[in-house]
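Have a look at the structure below before the remarks.
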Amino acid sequence: MTNTARHTAFVRITHWITTLCFFALLVSGIEIVISHPRFYWGETGNVFTHALFQLPIPASRSSVLTGYGYVLPDQNGWSRYLHFQAAWIAVLTGLLYLGWGWLTRHFRKNLLPGRADVSRRALSIEIANHLRFKPPGEAEAWSYNALQRLTYLFVIFVLFPLVIWTGLAMSPAIASAFPAAVTVFGGQQSARTIHFFVSVFLLLFLLVHIVMIFLAGFRNRMRAMITGRAVKHMEHA
Numbered sequence: 000m001t002n003t004a005r006h007t008a009f010v011r012i013t014h015w016i017t018t019l020c021f022f023a024l025l026v027s028g029i030e031i032v033i034s035h036p037r038f039y040w041g042e043t044g045n046v047f048t049h050a051l052f053q054l055p056i057p058a059s060r061s062s063v064l065t066g067y068g069y070v071l072p073d074q075n076g077w078s079r080y081l082h083f084q085a086a087w088i089a090v091l092t093g094l095l096y097l098g099w100g101w102l103t104r105h106f107r108k109n110l111l112p113g114r115a116d117v118s119r120r121a122l123s124i125e126i127a128n129h130l131r132f133k134p135p136g137e138a139e140a141w142s143y144n145a146l147q148r149l150t151y152l153f154v155i156f157v158l159f160p161l162v163i164w165t166g167l168a169m170s171p172a173i174a175s176a177f178p179a180a181v182t183v184f185g186g187q188q189s190a191r192t193i194h195f196f197v198s199v200f201l202l203l204f205l206l207v208h209i210v211m212i213f214l215a216g217f218r219n220r221m222r223a224m225i226t227g228r229a230v231k232h233m234e235h236a
């Protein structure tokens, strides 16, 4: 066994900052949704508007004809504040990560899969292994497989930008300064609905990510992301 370098300090720092921000966004986002668990499509949406769908959870505010006639223990104030603060920290961290990844060619070297790796047969095997929760091999502990690479690229360059964009589109200031950023989604309420679904996809990604960490070896993976080094088992002839 050898103690081998795995993740750079920059990757580890941005990973844990993003992790903390994600959990802050998750907790505060849940509280915001509980405050008004109705979703709409278009520009406007309120208690008097027909909802596209409504989550089957008890709202922390009542939907009576006078607006919000009484308030249960409503957490909308602190949750919105935490959501905005964590979001900006996550955005700045993401921009630093993108800049660093471009300068160091991190994305090309570590995340961009080869042509042979994305063939139908290769991807079918990877998908089947993941569906069976098959533990990754020793080689995959030191290099992401094609399915992991494609997933990370999709999360980094599609889901994260989309959840940020839709989040900004809900801001009245952004809507006033850059109307096209809102109208492209069909309105602020449409942006909110898309924001919700993208957040759900990110949560599902996180859950699968955690499961795969346990399958691949929790202690070694956590050691690599904390210290930058992991134990590599050497093959003997």
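Positions 0 to 236 (numbering that gives the first Met the number 0) are the ones given, in order, by the sequence shown.
All C-beta atoms in this analysis are idealised placements derived from N, C-alpha and C, irrespective of residue type, glycine included.
{"Check": "Can the beta-carbon of A179 be found closer than 8 Å to that of Q187?", "Outcome": "no"}
{"Check": "Just how far apart, CA to CA, sit T13 and L91?", "Outcome": "10 Å"}
{"Check": "By the 10 Å Cβ neighbour count, where 16 or more other Cβ atoms means buried, how is N144 classified, buried or exposed?", "Outcome": "buried"}
{"Check": "Starting from the C-beta of R228, find all residues in its chain whose C-beta is less than 8 Å away, skip the five residues before and the five after it, and write them out in chain order.", "Outcome": "N2, T3, A4, R5 and R222"}
{"Check": "Could you compute how far the alpha carbon of E42 sits from the alpha carbon of E30?", "Outcome": "22 Å"}
{"Check": "How do the stretch 97–108 and the stretch 38–57 stand: do at least 3 beta-carbon pairs fall below 8 Å, yes or no?", "Outcome": "no"}
{"Check": "Going by the DSSP bridge assignment, what does A4 pair with across the sheet?", "Outcome": "R228"}
{"Check": "When you compare the CB positions of L205 and F21, do they come within less than 8 Å of one another, or not?", "Outcome": "yes"}
{"Check": "First and last residue of the alpha helix (DSSP H) that includes S170?", "Outcome": "That residue, S170, is in no alpha helix (DSSP H); it is neither H nor E in DSSP."}
{"Check": "Name, in chain order, the residues that DSSP records as bridge partners for F38.", "Outcome": "F52"}
{"Check": "Compare the Cα-Cα distances from T18 to each of R218, P171, A85 and A190 and report the closest residue.", "Outcome": "A85"}
{"Check": "Note the first and the last residue of the continuous alpha helix (DSSP H) segment covering G113.", "Outcome": "No alpha helix (DSSP H) holds G113; DSSP gives it neither H nor E."}
{"Check": "Using the beta-carbon count (16 or more within 10 Å), is R104 buried or exposed?", "Outcome": "exposed"}
{"Check": "Using C-beta distances below 7 Å, list every residue in its chain close to L167, excluding the 5 sequence neighbours before and after it, in chain order.", "Outcome": "I173 and A180"}
{"Check": "State buried or exposed for P36, treating a residue as buried only when at least 16 other CB atoms are found within 10 Å of its CB.", "Outcome": "buried"}
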